[in-house]
Amino acid sequence: MSWLQEFFTGAPGTTTAVVWGTWVGALLTLCIYSFLYKDNPFYKFAESLFVGIGAAYWLAILYHNTLKPKLFVALFPGDSGEPVLWYRVFPGILAIFMLLRFFPKLSWLSRWALAFIVGMYAAVNLTGFAQADFVEQIYATMTTPLTGGGVLSFILNLSAVVGVVAVLLYFFFSKEHKGAMGVAAKIGILYLMVAFGASFGYTVMGRVSLLIGRMTFLLRDWLHVID
Amino acid sequence: MARGFNIRSIDRRIIFVLIFVAVAIPLIKPMGLPIGVSPPVQSLYDAVDALPPGTIVMLGGDYSPDSMPELQPMTIAFLRHAFKKDLRVVITCLWPASPPLIEAALTPLVEEFGKEYGVDYVNLGYMTGGPVTILGMGNSITGTFPRDYYGTPVGEIPLMDEVSNLSDVALVMEVSAGTPGTREWVQQAVSRFDVRLGSGTTAVGAPNFYPYVSSGQLIGLLGGLKGAAEYETLVGAPADATKGMDAQSIVHALIVFFILFGNVVYFVSKRSAAVADGRSRS
Amino acid sequence: MVALSFGWASAQDESVTDEAGLPHPVAFPPAPPRDLAAADFVDNNDAGDKIELTWVLSPDDGAEEANVAGYYLWRSESPGARGDTLAFVGAGTTDFVDDTAVPGVPYYYSVTATDGTSLSDDATFGPVSGRRNWFTVSRLAVLVLAGIFFALVLTFTRLAERGAKLFVRRIPGLNAIEEAVGRATEMGRPVLYVPGIGEIDNIMTIASLTILSHVARITARYETPLIVPTARAVVMSAAEEVVKEAYAAEGKPDAYNPDNIRYLSDAQFAFAGAVNGIMLRERPAANLYLGAFWAESLLLAETGFEAGAIQVAGTAMVSQLPFFVTACDYTLLGEELYAASAYLSREPKLLGGLKGSDWMKIVTIALMAIGIIMSIAGADAFVEWFHTN
Amino acid sequence: MRREIPLAITFLIGVFMLVDFFVPHTAVTTSADELKQWGIIVIAASILLGIGNLVRVHSKKIARRNEGWGYSIITLTVMAVMLWLGLWPGAHLGPNEMIGTVEQGTPFNWMFLFMQVPLQSTMFSLLAFFIASAAYRAFRLRSAEASLLLIAAIIVMLGRVPLGQLLTRNLPEHAQLPWITETIMAYPNMAAFRGILMGAALGVMAMGLRIILGIERSYLGGEK
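Residue numbers (our numbering), protein chains in the order written: chain B, 1 to 227; chain W, 1001 to 1282; chain Y, 2001 to 2389; chain C, 3001 to 3224.
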């Protein structure tokens, strides 16, 4: 397979692999951009490549980085000198159960595996959100630095406390939004709109950045118009 | 369209061409607009900068190619800062696509700073599991990542002798494109194991994380390409993010113009339509 | 050279050291630190190997003369001896966590101040031993608050199961949905209902299917065509069931048209493109987008707006809400989507969760108010109780 | 039994992981740590399941000659090639396993960097165009709320780029766009997201409780 070795040999960035790769990448980029004109076979071709390579890539790296060290080597270390973790037989069995989903007669066993991870994730997320996103946020609001920072800091920090309370009340459903509750909800919606506005601005920024990234690839790596 | 031609239903392909031009021209003819640094970026930089040489930090690379233009510059700027300060870096990935992207960032930097794999830095590769994996690292990093990206058992990697769990890491920099990412790190590592966490996120995610900045759960935050450009400025090595800022400025201005102009056209035509429509409602 | 290994090298050249590498006590040593105390340290991964030491600074620490350079800490297994050097810490430090203790072994600790050349007298404490702990006390707040919340949720769920009338206010978004459907009926044009591109196990998709059932009953009543494009095969079959059932419940099973529940494509942009095609060809007068949406939200809302349809959206995907708010006539924000589904279905588990969250929010607001007052008043113990790490 | 055993598994694992959060004693933590490793393995199997499903969907499409079945052939073919390069020991040239860098000469990595990377990153950069078009055609100041949203958006869009800094650099500090933007982000935006976050946390906690107690069983799927 010497031609393949040659393909990858050379100074960094100038190998045949990189030169050809850049061309392939550029053509695929243009295939996707053709969608801007309208949906067409080039776009569909690129999209089907994307799905296939993505899935196979994931599978391969899942095997090398997760399944092999954690399951296969743990059970059969061979001469690597690592200890045998016999109890990894159990998750191994659960993993096989999970895949029995493909066999209608035995697919009920896959629920055991599913139940295992659903239970684990339910608990891990429960404590994670309870601590970091609930109790810690209460603590952070309590310790809002209202004093000792001057007038502007006082106003801004107070506005933050008011905002947290108003947003919580906006999403309170056990009482009609009338009277004092109505006022709180109105204030809440103002905060939400400002936040969504910020989110809007940031999202625009992100999308534009992706385009800049691709354009840099086309103009620099492919066409060498810029450096 | 069915309504017949008017300026409102202008072919969107014209808009596409304008956007294309607004990105390409500033890239070809840069203006070099100044980059100001925002407080959440400064505080992250200061925290990293204050670490003594030899300190072990962790880089969490959790993104895929679709957010690479925003996040790859952050990874590069952070690694550059860390290598410049002689910090040692342990890299972990919760997204399957990250390890080769991180490798691509590392290759030129390792050459430039003369760093040695396994001594100055290590890439532990991808591990599935998200929050559970972070939790696992709180107890044992080597138990959670038994081998590195290249399949070497961690027992054979000198740097990993000094790292047993997250408390042996002075700071974690999480470069995050979504789930699992910054939120999971805050929940499972910061709150649970008292880890010091800084984060770089896509612009789409950044506004969500300000409560964590305010509460101190995040020591700093880089939001999108601008955040990356700010970090590049602080590290003193302007690169891709900084170069993109001119185009970013021009396109933002163009989009703001579109919103304003679109609204003016809309309300003017609605008023004239209301006048013309006065007698017969369709 | 203990001092050197802690990066404290300034005084090292002049210091006189014994074999153990420690400075000799010579003339004017600094005053000793006081009140050394040691206690088992509880942390989130407590194996009983951590003991926390605290002491009061030497009076000379920070004073102009005889400045203290730092403190040496010793650990011994017998009283009256310094034992092994544990650590050197810089001036101004008043605590240290020894994380090398063997659980259950009694230790005697000593601390001395040093100015770099001489050592003060010792402050000692002991015996103390590390314990494997059964509860992380700092997390009590999480346990208590989660406990209160769970009690509320389970109580309300039980009440709902017993048929108690639990009040939930009507979400204005539902009125907007009904108006939009009414408008389409008036115009004799179809209603388009997009249940998002989430999988069937996504709670937004589940909430959306509840609302779909409500919408289908209205369209059944008025015999207005209802088009439901889906991006997931499983969601399509679920939507079929929901719509068919609603038409049957309204006594119009014949008006149900299975061709209008369509699977278009799993691919995000291909799906959006196909839905846009429906909007332009079949010209629905009302577009309802309820469920989990990602980047395609923008493409749908834009085309629908251009086509002149009344649009109502609802999602808990925060990053997509801005686009819906600016391009749709009405938008259900985040939790409103779930509340609308609980309101319509009256399912006990949904109502219990909703009511429980509601009252927990009131508890939270009250706690925050008290906490802020306490914090300003300097009652730190109350506030710190909520600091859980 | 087909329902009871999964519900019991969920309950036991869930409760044990909750206990692990509060109890630092090694009697709990040692086995909880190993259980987390098991969780990672089983999750990996669920990813295999997802990929298997993808293969099944495309195979069916080809077998039935559904619309676009030709594209399904492309998907499955490149998938097979990529898998062969990634898993078959004879297919690689690199020093370390099949993965590695381009410099080390692995075709697997070449396909990732020069096919997957451009495809995936270009796909989402399309949104820059779509957002611009929607900005002109659909984002309307239709109500007080939408107007407030768009005004905040415009300030942030200009304040977060160097242009905004340049335009307002001669104004007093608190009138400069970058300062206003950071203030919006750190106060009203922070407050609203904190409120949303706390509400969402309650939602996740209630869902977790229902799953562990077996009140919520929809994840177990059909079979009435």
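Just so it is clear, CB atoms sit at the ideal spot from N, CA and C, and this is done for glycine as well. Quick caveat: nothing in here was measured; it's all calculated off a predicted structure.
Asked, Found
"Helix, strand or coil for T1233/W? Go by DSSP, reduced to three states.", "helix"
"Whole angstroms is fine: what's the gap from Q2012/Y's alpha carbon to A2069/Y's?", "Low local confidence applies: a pLDDT of 36 at Q2012/Y is under 50, so the model's placement there is unreliable, with the coordinate-based value given in what follows. If you take the alpha carbons of Q2012/Y and A2069/Y, they lie about 11 Å apart."
"Mapping DSSP to helix, strand and coil, what is P2127/Y?", "strand"
"Hey, quick one: how far does the beta strand (DSSP E) through L2053/Y stretch, first residue to last?", "2051-2056"
"Please state whether DSSP places I2227/Y in a helix, a strand or coil.", "strand"
"Is it true that the CB of A1077/W sits closer than 9 Å to the CB of A1247/W?", "no"
"Step through the CB atoms of chain C and report whether any lies within less than 9 Å of the CB of H177/B.", "no"
"Does the distance from the C-beta atom of I3051/C to that of K70/B stay below 9 Å?", "no"
"Which residues, in chain order, does the region 1198-1212 of chain W contribute to contact with chain Y at a C-beta distance below 7 Å?", "V1204, N1208"
"Out of curiosity, what's the CA-to-CA distance linking A2246/Y and L3209/C?", "31 Å"
"Who are the neighbours of Q248/B on chain W, taking C-beta pairs under 8 Å?", "This structure cannot settle anything about residue 248/B, because the visible part of chain B is limited to 1 through 227."
"Spatial neighbours of L218/B within its chain, please: C-beta separation below 7 Å, excluding the five flanking residues on both sides.", "A26, T29"
"At what residues does the alpha helix (DSSP H) containing S1215/W begin and finish?", "1210-1215"
"Please name the residue in P2284/Y, P2103/Y, G2198/Y, R2158/Y whose C-alpha comes closest to that of T3026/C.", "P2103/Y"
"For E3145/C, go through chain Y and note every residue whose CB falls closer than 8 Å to its CB, in chain order.", "V2325"
"Which of the three DSSP states, helix, strand or coil, is assigned to W1095/W?", "coil"
"What residue from N3109/C, T3030/C, M3123/C, V3015/C has the CA that sits closest to S230/B's CA?", "As shown, chain B starts at 1 and ends at 227. That puts residue 230/B outside it, with no answer to give."
"Does the beta carbon of T3026/C sit closer than 9 Å to a beta carbon anywhere in chain Y?", "yes"
"Jot down the residue ranges of each uninterrupted alpha helix (DSSP H) in the region 2188-2273 of chain Y, minimum 4 residues, whole runs only, in chain order.", "2203-2222, 2233-2249"
"Considering only residues of the same chain and omitting the five flanking positions on each side of I3099/C, which have a CB-CB separation below 8 Å?", "Confidence at I3099/C is low in this model, with a pLDDT of 49, below 50, so its placement is unreliable and no value can be given for it."
"Given this structure, state the Cα-to-Cα distance separating V3023/C from M3017/C, to the nearest angstrom.", "10 Å"
"With A1170/W and T1055/W assumed to form a contact (beta carbons below 8 Å), what rounded beta-carbon distance in angstroms separates them?", "5 Å"
"Hey, could you find the ends of the alpha helix (DSSP H) E3145/C is sitting in?", "3144-3159"
"Based on the DSSP output, what are the partners of Q2311/Y in its beta bridges?", "N2287/Y"
"Taking A1082/W and I1250/W to be in contact with their CB atoms under 8 Å, please state how far apart those CB atoms are, rounded to whole angstroms.", "Between I1250/W and A1082/W the Cβ distance is about 33 Å, and since that is not below 8 Å, they are no contact."
"Once the 5 residues before and after D2099/Y are set aside, which same chain residues still bring their CB inside 7 Å of it?", "D2049, K2050"
"Who are the Cβ neighbours of P2032/Y in its own chain at under 7 Å, not counting the five residues just before and after it?", "S2058, T2112, A2113, S2120, D2121, D2122, A2123"
"Counting only C-beta atoms, is L3007/C closer than 9 Å to chain E at any point?", "Of the protein chains in this structure, namely B, W, Y and C, none is chain E."
"Ignore the nearest five residues each way along the sequence and tell me which others in L3007/C's own chain have a CB closer than 6 Å to its CB.", "G3214"
"Examine chain B for any beta-carbon lying closer than 9 Å to the beta-carbon of F1078/W, and answer yes or no.", "no"
"Quick test of your reading: C2328/Y and V2312/Y, contact by CB under 8 Å. State the CB separation rounded to the nearest angstrom.", "6 Å"
"Beta-carbon separation of M3198/C and G2353/Y under 9 Å?", "no"
"Who are the near neighbours of G1220/W in its chain, counting only those whose CB is closer than 6 Å to its CB and skipping five residues on each side?", "P1040, S1043, L1044, G1198"
"Around the Cβ of S1214/W, are there at least 16 other Cβ atoms within 10 angstroms (buried) or fewer (exposed)?", "buried"
"Using 8 Å as the threshold, is the region 168-178 of chain B in touch with the region 2344-2359 of chain Y, meaning 3 or more CB pairs across them?", "yes"
"On the three-state DSSP scale, how would you describe E1174/W?", "strand"
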